[in-house]
Amino acid sequence: MTQPWHTQRLAALDFEASDKDPETARIVSCALILVGGNLPVDTRTWLVNPGIAQEPGAIAVHKLTDEYLAEHGAPAPEAVGEIAKSVAEVVAGGVPLVGHNLGSFDLNLLDRECGRHLGDSLEGVCRQPLTRVIDTMVLDKHCAPYRRRVSEKQGPYQMRTTAEVYGLEWDEKSAHGAAYDALQAARSAYRMGAIAHTQPEERPDWVLQLRNRRGPYERFSDLAFVDVEELHRRQVVWAAEHAASYQEYLRKSDPNASIDGSWPLRPAGGAS
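Written as structure tokens, this is what we have:
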């Protein structure tokens, strides 16, 4: 491998949506931003009229009202077609997709929208399976497990928490805009990769103090000196492990709890 994965050209992808369930949610905004690789930043954004009423909780997060989207958003079939084509071009060019919670939400959201409006799956539109995905939530959970909630409202692995853990400033006024969140995910991925490619004894003190260390080589070493395809394969395993662990926890109170660990795409209509 001639260049570490975190210094290569990356395609940061993020969506804002009408609700939190990728099976039912509709895209209301999207950002696809090419960064890194010693090339200029290339930003594409979309504002989408989903054609349905959004959940109030979603509007409270992204601040895009139904009325605003009806007036300013592109029709969903048109916008989804453009977004899917742009993602397919990135995939065909071998540029890794990067995002936060990308394999549990965003890619599944786009996949369902492709089926809804284009009559095909996301991988069908791309004409190949997705094998170069970098999900900063999966990486963060693997490298820094057992993190506690920051507060009642701020979870241990949400985008803001991850960004701040890796030394990024957070502007809450700009947050939950697709472009801002996409860039923060790409920056977080870069910080994780930089730590992984630093000698273990020279990594930040907070990294050296993480629980579940394996001698001098903590879990960040699993991100080092691998190509993107291998990193993708490792995330498939880690995501499945995270899902199994969460399912085991839930079954202490609900014996029928089921968490699908498929990553980065889940079967349509599968368990959450």
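Residue numbers (the numbering used here): 1 to 272.
C-beta: ideal position from N, C-alpha, C; glycine also.
CA-to-CA distance, residue j to residue i, given in whole angstroms
| i | j | result |
| --- | --- | --- |
| P216 | E201 | The pLDDT assigned to P216 is 46, lower than 50, so where the model puts this residue is not dependable; a value taken from the coordinates is nonetheless given after this. For P216 and E201, the distance between alpha carbons rounds to 7 Å. |
| Q242 | H142 | Here the sequence assigns His to residue 242, which means Gln is not the residue at that position. In a straight line, the C-alpha of H242 is about 8 Å away from that of H142. |
| V226 | P22 | 30 Å |
| S245 | S262 | 14 Å |
| D335 | C114 | Lying before the first or after the last residue shown, residue 335 is absent from the chain, which here runs from 1 to 272. |
| V35 | A182 | 10 Å |
| V28 | A178 | 10 Å |
| A163 | H100 | 10 Å |
| R112 | A268 | 7 Å |
| S174 | H62 | 10 Å |
| P255 | A239 | 21 Å |
| M159 | T198 | 24 Å |
| F105 | E152 | 22 Å |
| M137 | Q3 | 23 Å |
| E229 | R251 | 33 Å |
| Y180 | D42 | 14 Å |
| P37 | A74 | The sequence given here has Gly at residue 37, not Pro. Each residue's alpha carbon lies about 31 Å from the other. |
| Q54 | K20 | 10 Å |
| T161 | E172 | 12 Å |
| Q247 | R116 | 29 Å |
Buried versus exposed, by CB contacts within 10 Å (16 or more), residue i
| i | result |
| --- | --- |
| R149 | exposed |
| A60 | exposed |
| A271 | Residue placement at A271 cannot be trusted, given a pLDDT of 48 that sits under 50; the coordinates are not used to answer. |
| E16 | buried |
| D140 | buried |
| R132 | buried |
| R26 | buried |
| H72 | exposed |
| W206 | exposed |
| S18 | buried |
| I52 | exposed |
| E218 | buried |
| N108 | buried |
| Y157 | buried |
Of the listed residues the options, nearest to residue i (C-alpha basis)
| i | options | result |
| --- | --- | --- |
| P96 | R26, Y190, H72 | Y190 |
| L64 | R116, W46, P77 | W46 |
| C126 | G155, V91, M159 | V91 |
| R44 | A185, A31, N108 | A31 |
| P145 | T161, T7, R211, R116 | R211 |
| R9 | I134, G155, W170, P50 | I134 |
| S86 | D66, A58, A11, G155 | A11 |
| P129 | A74, Y249, H6, H232 | H232 |
Cβ-Cβ separation, residue j to residue i (assumed contact under 8 Å), whole Å
| i | j | result |
| --- | --- | --- |
| R234 | D222 | 6 Å |
| A79 | V48 | 4 Å |
| L265 | L122 | 7 Å |
Taking the runs of the alpha helix (DSSP H) that are 4 residues or longer, which of them lie wholly in the region 155-184?
159-165
Within the region 10-48, note down every full beta strand (DSSP E) run reaching 3 residues or more, in order along the chain.
10-17, 27-35
For the region 221-270, list the alpha helix (DSSP H) runs that are entirely contained and at least 4 residues long, ordered along the chain.
228-250
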